[in-house]
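Colleague: Just passing along the structure, written as structure tokens.
Number of protein chains: 2
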Amino acid sequence: MTPDVAALVAMTLDAVIVAVSQGRPRLLVVDEPGQLPALPSGPLDVERDATLELGLRRWVRSRTGLEVGYVEQLYTFGDRDRRPDAGPQRQVSVGYLALVEETEPPLDARWIDVYALLPWEDQRDAEPSPEEAAIRAALASWVAAGPDADVRRERAERVAVNFGPPWDGIRALERYELLYGAHLLPEWARDTGSPPPSVDTGIALRFDHRRIAATALSRLRGKLTYRPVVFELLPERFSLLELQHTVEALAGITLHKQNFRRLVERSGLVEGTGQRARSQAGRPAELFRFRPSVQRERPRPGVGVPYR
Amino acid sequence: MTPDVAALVAMTLDAVIVAVSQGRPRLLVVDEPGQLPALPSGPLDVERDATLELGLRRWVRSRTGLEVGYVEQLYTFGDRDRRPDAGPQRQVSVGYLALVEETEPPLDARWIDVYALLPWEDQRDAEPSPEEAAIRAALASWVAAGPDADVRRERAERVAVNFGPPWDGIRALERYELLYGAHLLPEWARDTGSPPPSVDTGIALRFDHRRIAATALSRLRGKLTYRPVVFELLPERFSLLELQHTVEALAGITLHKQNFRRLVERSGLVEGTGQRARSQAGRPAELFRFRPSVQRERPRPGVGVPYR
DNA sequence: CTGAATTATGCTCACTGGGAGCATTATAGG
DNA sequence: CCTATAATGCTCCCAGTGAGCATAATTCAG
Numbered sequence: 009m010t011p012d013v014a015a016l017v018a019m020t021l022d023a024v025i026v027a028v029s030q031g032r033p034r035l036l037v038v039d040e041p042g043q044l045p046a047l048p049s050g051p052l053d054v055e056r057d058a059t060l061e062l063g064l065r066r067w068v069r070s071r072t073g074l075e076v077g078y079v080e081q082l083y084t085f086g087d088r089d090r091r092p093d094a095g096p097q098r099q100v101s102v103g104y105l106a107l108v109e110e111t112e113p114p115l116d117a118r119w120i121d122v123y124a125l126l127p128w129e130d131q132r133d134a135e136p137s138p139e140e141a142a143i144r145a146a147l148a149s150w151v152a153a154g155p156d157a158d159v160r161r162e163r164a165e166r167v168a169v170n171f172g173p174p175w176d177g178i179r180a181l182e183r184y185e186l187l188y189g190a191h192l193l194p195e196w197a198r199d200t201g202s203p204p205p206s207v208d209t210g211i212a213l214r215f216d217h218r219r220i221a222a223t224a225l226s227r228l229r230g231k232l233t234y235r236p237v238v239f240e241l242l243p244e245r246f247s248l249l250e251l252q253h254t255v256e257a258l259a260g261i262t263l264h265k266q267n268f269r270r271l272v273e274r275s276g277l278v279e280g281t282g283q284r285a286r287s288q289a290g291r292p293a294e295l296f297r298f299r300p301s302v303q304r305e306r307p308r309p310g311v312g313v314p315y316r
Numbered sequence: 009m010t011p012d013v014a015a016l017v018a019m020t021l022d023a024v025i026v027a028v029s030q031g032r033p034r035l036l037v038v039d040e041p042g043q044l045p046a047l048p049s050g051p052l053d054v055e056r057d058a059t060l061e062l063g064l065r066r067w068v069r070s071r072t073g074l075e076v077g078y079v080e081q082l083y084t085f086g087d088r089d090r091r092p093d094a095g096p097q098r099q100v101s102v103g104y105l106a107l108v109e110e111t112e113p114p115l116d117a118r119w120i121d122v123y124a125l126l127p128w129e130d131q132r133d134a135e136p137s138p139e140e141a142a143i144r145a146a147l148a149s150w151v152a153a154g155p156d157a158d159v160r161r162e163r164a165e166r167v168a169v170n171f172g173p174p175w176d177g178i179r180a181l182e183r184y185e186l187l188y189g190a191h192l193l194p195e196w197a198r199d200t201g202s203p204p205p206s207v208d209t210g211i212a213l214r215f216d217h218r219r220i221a222a223t224a225l226s227r228l229r230g231k232l233t234y235r236p237v238v239f240e241l242l243p244e245r246f247s248l249l250e251l252q253h254t255v256e257a258l259a260g261i262t263l264h265k266q267n268f269r270r271l272v273e274r275s276g277l278v279e280g281t282g283q284r285a286r287s288q289a290g291r292p293a294e295l296f297r298f299r300p301s302v303q304r305e306r307p308r309p310g311v312g313v314p315y316r
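Sequence lines, in order, name chains A and B.
Mind the numbering: the first sequence is residues 9 to 316 in this note's numbering, read in order.
Mind the numbering: the second sequence is residues 9 to 316 in this note's numbering, read in order.
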């Protein structure tokens, strides 16, 4: 039972590099003529890279000039059909999540709105967007089109659990997979050679990269609640409203302003600097900074997002 | 920036197969003469296994006869030195967590107490065990032995955060890595050719398998709080005390009995069956069963473990 | 200079969920 | 019948959190 045999596979490291600006979460994609956008992706240098993460950092630096701060391994994708273009060799991708303060779009790459990829994940508006309404309608048809009562019940169940209420932001990946399984995504059509679906489900990426992006969003939303990762996306000093907008952008929901302030101040997550923000309209806000020692005081310091 | 190059690596699938019996969490290991125990590990069948998870299920079934229920990908380990025995080819392991009801130890394998591997992770006793006390003392020496004040402060910080109070069960992996970095584990000695440490830090496994086990424990403890995974480890019907003991075994802490009952009943996680447990001493307990529809009602149904 | 608009900040009130412990019930074994 | 043991029921208290009102400190239009 010991690994007398190991499979030889082709491995790449794919990065979901996330930033938040103007209240929108964004991720880095690269374009190639005549192709869908793709996540930045690079090889491991088997000789030089002592660890996978170092390999990721190395090629992200060399190809985009970005020095990423927070990096976390996401998931390893190795389905047989994930790269139908690539012949019989199994193509394995180790996906990583990286967080950066937004900078100029680096070489060859551009920032793209996460909710342009996954429009149904933005629940910040009271009313669902037209796209989301259409997707929900298409899901309802899919439920109704089940061949028998059992299948219909099971489909209804899955839609109810994943699309709420209550809305669970962390289920982003499951929602993506449900839409795939309901044949509502162009990726499904591409993978099976079927005609494309009629609903608009946002911008698709190449290969399974949109799925990787959904994985990243799920993970990031989860992490938010128990580790102080938001601060990786913010400048050293920020107002509480900037912090709140960043959290809201990632979580995809809106929060109560006064309560957010109370939560974040009383939890010891931040401390005031005495400085004031350059004021535009209204009372100028105090600038805060992250308070790292919170990690000594509270076991799981995060911004408790009330997914209801 | 697209993967024009992918690295060729040797990949295995390693499984942390967990069960709970007699109030102790256990995992499956395999022995080979003259070697430390190892996690069961097998290759991907590049042609037949459509997905990595199916590959794992296939070889676990064929080698151990176990049909695992819940399976979840844990992490991908690809450090250069993780398999110093294996030559220049990079050895990548995709670790999986699998949960089963405990059965007879299957072919060639045996169950081993998780806390025999990670003794400091069991915080159920009011008093720390002798091993744990020794480990804490060794950590204190390591802090004090830092070359300068900055290093000592940073070490003290890490020890304080990870070994509490407050105790955070989810930091099992970080604690393992801290002990490794403090040169208190035989794995470190083995990897660096140093003399073995003098403290007893529990049973080591081959390669980086104890680290993979620590990863599994961290993940499982986290999952417990927001997904109803405990029930994968229990029979169809169980008393609330059995449920509580299973949770406690995994979480490594004890819980207040009446409050646990209240939590688990009021949350809709279980429902009574009207049946009574075969009684030994004391009032016979009612048998409960998992109530799957809880997932439709509550976004993140789990057993909220109060790591303080 | 004044008032409206805008944003930050302070505070209260009600509710809920969880921590702790006391009380009662149902069984086995003598 | 009495005691030990475990299950179950219930209360009290407190911290956290959802909701909203009130006040402070600015900018900007007139």
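For glycine and all other residues, C-beta sits at the position ideal for the given N, C-alpha and C.
Note that the structure is predicted; figures quoted are calculated from it, not measured.
1) Less than 8 Å between the C-beta atoms of G260 (chain A) and P127 (chain A), yes or no?
2) I need the straight-line Cα distance from P174 (chain A) to P314 (chain A), nearest angstrom please.
3) Give a yes or no on whether 8 Å exceeds the smallest Cβ distance from V13 (chain B) to chain A.
4) Please list, in chain order, the residues of the segment 253-266 of chain B that have any C-beta partner in chain A closer than 7 Å.
5) Mapping DSSP to helix, strand and coil, what is M9 (chain B)?
6) Output the distance between the C-alpha atoms of A106 (chain A) and L241 (chain A), rounded to the nearest integer angstrom.
7) Between A:Y83, A:V278, A:D158, which lies nearest to D22 (chain A) when the distance is taken from Cα to Cα?
8) Please report whether the beta-carbon of A58 (chain B) lies at a distance below 8 Å from any beta-carbon of chain A.
9) Do G50 (chain B) and R71 (chain B) count as a contact pair if the criterion is CB distance below 8 Å?
10) In the DSSP output, what is I25 (chain A) paired with across the bridge?
11) State yes or no: is the beta carbon of T20 (chain B) nearer than 8 Å to at least one beta carbon in chain A?
12) R161 (chain A) to L192 (chain A), Cα distance in whole Å?
13) If the criterion is Cβ atoms closer than 8 Å, does the pair L36 (chain A) and A117 (chain A) meet it?
14) By Cβ distance below 6 Å, which residues in the same chain neighbour G154 (chain A) in space, the five residues on each side in sequence not counted?
15) Looking at the secondary structure, which residues open and close the beta strand (DSSP E) in which T281 (chain A) lies?
16) Can you list, in chain order, the residues of its chain with a C-beta nearer than 7 Å to that of M19 (chain B)? Leave out the 5 residues immediately preceding and following it.
17) How big is the Cα-Cα spacing for V238 (chain B) and G95 (chain A)?
18) Can you grab the Cα-Cα spacing for the pair R88 (chain B) / L60 (chain B), in whole Å?
19) Could you give the C-beta distance for R32 (chain B) and A257 (chain B), rounded to a whole number, given that I count them as a contact under 8 Å?
20) Confirm, please, whether the CB-CB distance from Y123 (chain A) to W133 (chain A) is below 8 Å.
21) List the residues that DSSP assigns as beta-bridge partners of R32 (chain A).
22) Helix, strand or coil for V311 (chain B)? Go by DSSP, reduced to three states.
23) Once DSSP output is grouped into helix, strand and coil, what is the label at G50 (chain B)?
24) When burial is assigned at 16 or more other CB atoms within 10 Å of the CB, is T254 (chain A) buried or exposed?
25) Quick one: Cα of P300 (chain A) to Cα of Y188 (chain B), how far?
26) So for F239 (chain B), helix, strand or coil by DSSP?
27) Taking only three categories from DSSP, how would you classify F85 (chain A)?
28) Less than 8 Å between C-beta atoms, sequence neighbours within five positions excluded: which residues of the same chain meet that for P205 (chain A)?
29) My output table needs one value for Y188 (chain B): the three-state DSSP class, helix, strand or coil.
30) Going by Cα to Cα distance, which pick from B:R274, B:W119, B:G312 is closest to L263 (chain B)?
31) Going by beta carbon distance, what residues of the same chain come within less than 6 Å of L178 (chain A), once the five residues before and after it are set aside?
32) Just reading off the alpha helix (DSSP H) that I120 (chain B) is part of, what are its end residues?
33) Would you tell me roughly how many angstroms separate the C-alpha atoms of L74 (chain B) and A168 (chain B), rounded to the nearest one?
34) Residues of the segment 96-122 of chain B in Cβ contact with chain A at a cutoff of 9 Å, in chain order, please.
35) Please go through the same chain and pick out, in chain order, the residues whose beta-carbon is closer than 7 Å to the beta-carbon of Q252 (chain B), but skip the five residues on each side of it.
36) Please report the straight-line C-alpha distance between P11 (chain A) and E112 (chain A), rounded to a whole angstrom.
Modeller: Here's the rundown:
1) The residue you call residue 260 (chain A) lines up with position 252 of the first sequence. The residue you call residue 127 (chain A) lines up with position 119 of the first sequence. Not closer than 8 Å, so no.
2) Counted from its first residue, the first sequence places residue 174 (chain A) at position 166. Counted from its first residue, the first sequence places residue 314 (chain A) at position 306. When rounded, the distance between both Cα atoms is 10 Å.
3) The residue you call residue 13 (chain B) lines up with position 5 of the second sequence. Yes - at least one Cβ of chain A is within 8 Å of the one on V13 (chain B).
4) none
5) As a position in the second sequence, residue 9 (chain B) is number 1, starting the count at 1. Interpretation of M9 (chain B) is limited by its pLDDT of 42, a score under 50 that renders its predicted location unreliable; the figure taken from the coordinates is listed afterwards. M9 (chain B) falls in the coil class under three-state DSSP.
6) Looking up residue 106 (chain A) in the first sequence gives position 98. Looking up residue 241 (chain A) in the first sequence gives position 233. About 10 Å.
7) On the first sequence, position 14 is the one that residue 22 (chain A) refers to. Among A:Y83, A:V278, A:D158, the Cα nearest to that of D22 (chain A) is on A:Y83.
8) Here residue 58 (chain B) refers to the residue found at position 50 when the second sequence is read from its first residue. Chain A, which has a Cβ nearer than 8 Å to the Cβ of A58 (chain B), makes this yes.
9) Position 63 of the second sequence, counted from the first residue, corresponds to residue 71 (chain B). Position 42 of the second sequence, counted from the first residue, corresponds to residue 50 (chain B). Yes, the pair counts as a contact, with Cβ atoms nearer than the cut-off.
10) Your numbering for residue 25 (chain A) matches position 17 in the first sequence. Paired residues: A:A106.
11) Within the second sequence, numbered from 1, the residue matching residue 20 (chain B) stands at position 12. It does; some Cβ of chain A falls within 8 Å.
12) Position 153 of the first sequence, counting from 1, holds the residue named residue 161 (chain A). Position 184 of the first sequence, counting from 1, holds the residue named residue 192 (chain A). Each residue's alpha carbon lies about 19 Å from the other.
13) Taking the first residue of the first sequence as 1, we reach residue 36 (chain A) at position 28. Taking the first residue of the first sequence as 1, we reach residue 117 (chain A) at position 109. Yes, the pair counts as a contact, with Cβ atoms nearer than the cut-off.
14) Within the first sequence, numbered from 1, the residue matching residue 154 (chain A) stands at position 146. Closer than 6 Å at the Cβ level, and outside the excluded window around G154 (chain A), lie R160, R163.
15) Here residue 281 (chain A) refers to the residue found at position 273 of the first sequence. Taken as a continuous stretch (DSSP letters only), the beta strand (DSSP E) holding T281 (chain A) covers 278-284.
16) Here residue 19 (chain B) refers to the residue found at position 11 when the second sequence is read from its first residue. Same-chain partners within the cutoff: L52, V100, V102.
17) To locate residue 238 (chain B), count along the second sequence from 1; it is residue 230. To locate residue 95 (chain A), count along the first sequence from 1; it is residue 87. Near 41 Å, if we compare the C-alpha coordinates of G95 (chain A) and V238 (chain B).
18) Mapped onto the second sequence, residue 88 (chain B) falls at position 80. Mapped onto the second sequence, residue 60 (chain B) falls at position 52. One C-alpha to the other measures close to 22 Å.
19) By one-based count along the second sequence, residue 32 (chain B) stands at place 24. By one-based count along the second sequence, residue 257 (chain B) stands at place 249. About 6 Å separates the two Cβ atoms, so the contact holds.
20) Taking the first sequence and counting its residues from 1, one reaches residue 133 (chain A) at position 125. Taking the first sequence and counting its residues from 1, one reaches residue 123 (chain A) at position 115. Note on residue identity: the sequence assigns Asp, not Trp, to residue 133 (chain A). Going by C-beta atoms, D133 (chain A) is not nearer than 8 Å to Y123 (chain A).
21) By one-based count along the first sequence, residue 32 (chain A) stands at place 24. In DSSP, R32 (chain A) forms a bridge with A:S29.
22) Position 303 of the second sequence holds residue 311 (chain B). DSSP places V311 (chain B) in coil when its eight states are reduced to three.
23) Translated into the one-based positions of the second sequence, residue 50 (chain B) becomes position 42. DSSP places G50 (chain B) in strand when its eight states are reduced to three.
24) The count along the first sequence starts at 1 and reaches residue 254 (chain A) at position 246. Looking at its Cβ environment, which holds 16 or more other Cβ atoms inside 10 Å, T254 (chain A) is buried.
25) In the first sequence, residue 300 (chain A) corresponds to position 292, counting from 1. In the second sequence, residue 188 (chain B) corresponds to position 180, counting from 1. Those two C-alpha atoms are separated by around 24 Å.
26) As a first step, residue 239 (chain B) is located in the second sequence; it is residue number 231 there, counting from the start. In the structure shown, F239 (chain B) sits in a helix (DSSP, three-state: H, G or I).
27) Locating residue 85 (chain A) in the first sequence gives position 77, counting from the first residue. In this structure, F85 (chain A) counts as strand in the three-state DSSP scheme.
28) As a working mapping, residue 205 (chain A) is identified with position 197 in the first sequence. Result list for P205 (chain A): A146, H191, L192, L193, P194, W196, A197, in chain order.
29) Counted from its first residue, the second sequence places residue 188 (chain B) at position 180. Helix.
30) Walking along the second sequence from the start, residue 263 (chain B) turns up at place 255. With distances taken between Cα atoms, L263 (chain B) lies closest to B:G312.
31) The residue you call residue 178 (chain A) lines up with position 170 of the first sequence. Checking the displayed sequence, the identity of residue 178 (chain A) turns out to be Ile instead of Leu. Correct list, in chain order: S226, R229, G230.
32) Translated into the one-based positions of the second sequence, residue 120 (chain B) becomes position 112. No alpha helix (DSSP H) holds I120 (chain B); the beta strand (DSSP E) holding it covers 117-121.
33) Within the second sequence, residue 74 (chain B) is the residue found at index 66, counting from 1. Within the second sequence, residue 168 (chain B) is the residue found at index 160, counting from 1. L74 (chain B) and A168 (chain B): Cα-Cα distance of roughly 41 Å.
34) P96, Q97, R98, Q99, V100, S101, V102, L115, D116, A117
35) Indexing the second sequence from 1 puts residue 252 (chain B) at position 244. The answer, listed in chain order, is L263, K265, F268.
36) For the purposes of this step, residue 11 (chain A) is identified with residue 3 of the first sequence, where counting begins at 1. For the purposes of this step, residue 112 (chain A) is identified with residue 104 of the first sequence, where counting begins at 1. With a pLDDT of only 42 at P11 (chain A), under the threshold of 50, the placement of this residue in the model should not be trusted; the figure read from the coordinates follows. If you take the alpha carbons of P11 (chain A) and E112 (chain A), they lie about 46 Å apart.
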